[in-house]
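Asker: Here you go, one structure.
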Amino acid sequence: MSILEGLKFYAGDTAIHKLDPRVKLLVSTIMLIIVVMYAEVWMLTILITVQAVMAYIAKIVRRWLKTIRGSMPLAALVFGLNAIFFISTDTHATLQETLYYSATLAYRLVLFLSSFSIFFLTTTPEEIGLTLTSWRVPYPYTFAFISAIRFTPIIAQELKDIMDAQRARGVELDRGGPLERAKKLIPILVPLLANALRRAYELAEAMEVKCFGAAKKRTSLRELKMSAKDYVVLLMSLLLFGLAVYYKLLPILFQG
Amino acid sequence: MIRFDNVTYVYPTGVKALNGISVEIGRGELVALMGENGAGKTTFIKHLNGLLKPTTGSVYVNGKDTRTLSVAQLSRIVGIMFQNTDDMFFLPTVEEEVAFSLRNLGFSEEVVQRRVDWALKFMELEKYRKRSPFLLSGGEKKRLALAIILAWNPQVIAMDEPTVGQDNAQKEKLKEMIKQLNLQGRSVIISTHDVEFVAELRPRVILMSRGRIVADGRAEAILTDGELLSSCSILMPQVAATVSRLADLGFNTKVISVEDAIRSIVDGLRRLEHTRGA
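Top line first, the protein sequences correspond to chains A and B. Position one of the first sequence corresponds to residue 25 (this note's numbering), numbered consecutively onward. Position one of the second sequence corresponds to residue 48 (this note's numbering), numbered consecutively onward.
In structure tokens:
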């Protein structure tokens with residue numbers, strides 16, 4: 025549940041909030057690429073430290089930590105599945121190596137989620153929409169995407185309400201074996217899906233009433249404009265990214 | 048029956064929804080929880096069956112601390128009907144929905160069938176027993192939610208905003224059901240903004256504001272105190288607001304029903320006539 029909280033925008037007046045959303049998205053994407061490129065713990069630790077500094081500047085440390093906490097079950101699953109896979113197959117790796125590799129995979133997953141959490145926590149759905157529109161993504165797709173983001177916290181709240189309603193009927197969600205627990209998800213997921221479909225239908229009607237799609241070319245009240253600060257952050261990020269790529273490719277170049 | 052002992056509840060977001068609540072609700076009492084949005088009414092209700100546990104203080108149900116019992120155990124004693132009844136439904140038919148809770152609570156199949164029949168009859172839903180709950184009207188859904196709860200015969204029934212989205216006829220039906228349940232000896236707690244609905248039920252009113260109880264007493268006393276109600280963003284019932292204008296003439300203004308208003312006006316006029324005659 026707390027992982028979904030990481031997709032919710034929290035208003036603020038910090039330097040991170042004021043950054044151009046395209047720059048923030050680029051920084052998050054760069055972090056993602058580095059996470060994919062590097063499995064070394066030292067680099068992953070540098071990245072999480074950078075993220076922690078960004079979260080501190082944006083005054084969202086508590087919410088960012090919530091995302092990290094929320095991603096732990098998923099990370100534990102990745103760790104467990106990898107460890108089981110490597111141990112059960114003949115990979116010639118020692119137990120220590122297997123555990124280390126599984127741990128770094130889980131660490132990378134946490135980093136991946138937390139880097140995008142900073143972007144979503146400090147960027148309004150409107151800014152995300154403007155970013156996609158500036159990249160010439162057709163508006164109906166942009167609208168669908170920002171609606172999904174906007175409705176995520178609502179669905180999370182609804183999930184809580186449905187769980188409460190079912191628990192009040194005697195459903196003990198945290199009891200029983202895995203199969204029994206999976207069966208108990210039906211009373212949760214069916215109302216959630218029914219409510220989501222009803223909301224989608226209502227949203228479609230509301231959009232039609234507001235003449236959605238009537239004009240082929242849309243105008244926007246606010247346009248994105250890069251400031252000097254944005255360019256500085258952009259250049260620094262690209263520079264650090266270049267260094268990370270160079271450092272990774274260095275051994276390969278020397279081998280060649 | 049139910050006792051809140053200096054209960055404070057703080058949500059993980061840091062919002063203090065209940066702030067030092069101490070109150071007792073006895074067996075067979077009819078109670079209306081009133082207050083503005085965010086006053087803490089729903090949080091209060093969720094403490095009754097342990098969905099929420101107090102941050103500090105304690106809630107006792109039949110003398111037992113809610114921290115020591117599971118939600119399922121407490122639900123046997125306290126049935127809660129939530130505002131959005133759609134959150135409850137997931138089965139293909141009305142009768143299966145009622146049976147589901149009974150099976151969860153461990154009733155035998157024979158008892159399940161008997162109680163399903165009784166609850167559907169009591170809530171006048173027999174003719175819909177094979178229908179999908181999603182195809183019922185708003186009022187029928189509320190009645191189904193109540194049937195689901197009544198089937199396991201809880202001692203306390205709590206309803207969160209039961210009149211929202213209900214038309215007049217549905218409200219009348221709901222009002223009669225509540226009275227009947229109360230007459231059967233059950234404690235009924237309703238959380239609502241609907242002052243006219245409360246005025247007709249004449250319950251004990253617990254008025255909440257910003258997580259605190261600001262008034263607790265009979266409906267006639269609280270719903271005629273305009274200043275108190277307005278501090279909680281609640282309007283007086285229309286009857287009480289009308290009669291309150293006759294206070295200068297010495298009329299009894301502690302009235303919340305049409306019958307009492309007529310009596311107050313007739314008595315007042317008689318008194319005036321008598322005074323003039325004298």
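Just so it is clear, CB atoms sit at the ideal spot from N, CA and C, and this is done for glycine as well. Remember, predicted model here, so these are calculated numbers, not experimental data.
Residues of chain A with a CB under 9 angstroms from the CB of B:ASP207: which are they?
Answerer: Neighbours of B:ASP207 in chain A, taken as residues whose beta carbon is under 9 angstroms from its own, are absent, since the nearest beta carbon is some 10 angstroms off.
Asker: Using a Cβ cut-off of 7 angstroms, which residues of the region 203 to 216 of chain A contact any Cβ in chain B, in chain order?
Answerer: ILE210, PRO211, VAL214, PRO215
Asker: Check the Cβ-Cβ distances between A:ASP254 and every residue of chain B, and say whether any is below 8 angstroms.
Answerer: no
Asker: Output the distance between the C-alpha atoms of A:THR91 and A:PRO177, rounded to the nearest integer angstrom.
Answerer: 13 angstroms
Asker: Can you check whether the C-beta of A:ILE84 is within less than 8 angstroms of a C-beta belonging to chain B?
Answerer: no
Asker: Just tell me which of A:VAL102, A:MET67, A:SER138, A:PRO211 has its CA closest to the CA of A:ARG191.
Answerer: Closest option to A:ARG191, Cα to Cα, is A:PRO211.
Asker: Leaving aside the five residues before and after B:VAL40 along the sequence, list all residues of the same chain whose C-beta is less than 7 angstroms from its C-beta, in chain order.
Answerer: An answer regarding residue 40 of chain B cannot be provided, because it is not within the stretch 48 to 325 covered by chain B.
Asker: Could you name the residues of the region 93 to 118 of chain B whose beta carbon sits closer than 8 angstroms to any beta carbon of chain A, in the order they occur along the chain?
Answerer: LYS93, ASN96, LEU98, SER117, VAL118
Asker: Flag A:ALA224 as yes if its beta-carbon sits less than 8 angstroms from any beta-carbon of chain B, otherwise no.
Answerer: no
Asker: List the endpoints of the continuous beta strand (DSSP E) containing B:TYR56.
Answerer: First-last of the beta strand (DSSP E) with B:TYR56: 49 to 57.
Asker: Would a C-beta distance cut-off of 8 angstroms place B:MET81 and B:MET255 closer than the cut-off?
Answerer: Yes. Within cutoff.
Asker: Under three-state DSSP, which class holds A:ALA224?
Answerer: helix
Asker: Where does A:ARG132 land, buried or exposed, given buried means 16+ other C-beta within 10 angstroms?
Answerer: buried
Asker: Cβ of B:VAL54 within 8 angstroms of Cβ of B:GLY104?
Answerer: For B:VAL54 and B:GLY104, yes; Cβs fall inside 8 angstroms.
Asker: Out of curiosity, what's the CA-to-CA distance linking B:ALA216 and B:ASP263?
Answerer: Taking the straight line joining both Cα atoms gives about 29 angstroms.
Asker: Suppose contacts are defined by Cβ-Cβ distances below 8 angstroms. Is B:LEU167 in contact with B:ARG176 by that definition?
Answerer: yes
Asker: Going by C-alpha distance, which of A:SER138, A:ALA238, A:ASP185, A:PRO162 is nearest A:LEU49?
Answerer: A:SER138
Asker: Quick one: grab the DSSP three-state call for B:SER184.
Answerer: Taken through DSSP and simplified to helix, strand or coil, B:SER184 comes out as coil.
Asker: When you measure from the CB of A:PHE167 to every non-hydrogen atom of the ligand ZN, does any distance come out below 7 angstroms?
Answerer: The ligand ZN is absent from the structure shown, which contains no ligand whatsoever.
Asker: Applying a beta-carbon distance threshold of less than 7 angstroms, which residues of chain B neighbour A:ALA189?
Answerer: PHE129, ASP134, MET135
Asker: Among residues of its own chain, excluding the 5 on either side of B:VAL235, which ones have a beta-carbon nearer than 6 angstroms to its beta-carbon?
Answerer: The residues are LEU77, ILE204, ILE225, LEU228, ASN229.
Asker: Measuring alpha carbon to alpha carbon, tell me which residue in B:MET48, B:ALA308, B:GLU143, B:LEU275 is nearest B:VAL286.
Answerer: B:ALA308
Asker: Using the C-alpha atoms, what's the distance from A:ALA268 back to A:ILE70?
Answerer: A:ILE70 and A:ALA268: Cα-Cα distance of roughly 11 angstroms.
Asker: Taking its Cβ as the centre, do 16 or more other Cβ atoms sit within 10 Å of B:VAL118, making it buried, or is it exposed?
Answerer: B:VAL118 is buried by the Cβ-count criterion.
Asker: Nearest to B:GLY258 by alpha carbon, out of B:CYS279, B:VAL252, B:ARG265, B:LEU270?
Answerer: B:CYS279
Asker: Where DSSP assigns a beta bridge to B:SER256, which residues make up the other side?
Answerer: Answer is B:ARG259.
Asker: Compare the C-beta of B:SER148 with all C-beta atoms of chain A and state if any pair is closer than 8 angstroms.
Answerer: Cβ-Cβ to chain A under 8 angstroms: yes for B:SER148.
Asker: Measuring straight from C-alpha to C-alpha, what distance separates A:LEU245 and A:GLY201?
Answerer: Straight-line spacing of the CA atoms in A:LEU245 and A:GLY201 works out to 54 angstroms.
Asker: Apart from the five residues on each side of it in sequence, which residues of its chain come closer than 6 angstroms, Cβ to Cβ, to A:THR63?
Answerer: The question names Thr, yet the displayed sequence has Ala at residue 63 of chain A. Hits under 6 angstroms: THR128.
Asker: Looking only at DSSP bridge pairs, what is B:ARG265 linked to?
Answerer: B:ARG251
Asker: Within 8 angstroms, do at least three Cβ pairs link the region 88 to 97 of chain B to the region 106 to 113 of chain B?
Answerer: Yes, they touch.
Asker: Using DSSP with H/G/I as helix, E/B as strand and the rest coil, what is B:MET135?
Answerer: It is coil, neither helix nor strand.
Asker: In this structure, does DSSP put A:TYR34 in helix, strand or coil?
Answerer: coil
Asker: Along the chain, where does the beta strand (DSSP E) that runs through B:LYS40 open and close?
Answerer: Beyond the ends of chain B as shown, which are 48 and 325, falls residue 40 of chain B; an answer cannot be given.
Asker: Less than 8 angstroms between CB atoms is the rule here; does B:PHE181 satisfy it with respect to chain A?
Answerer: yes
Asker: With a threshold of 8 angstroms between beta carbons, is A:VAL195 in contact with chain B?
Answerer: Closer than 8 angstroms to some Cβ of chain B, the Cβ of A:VAL195 qualifies, so yes.
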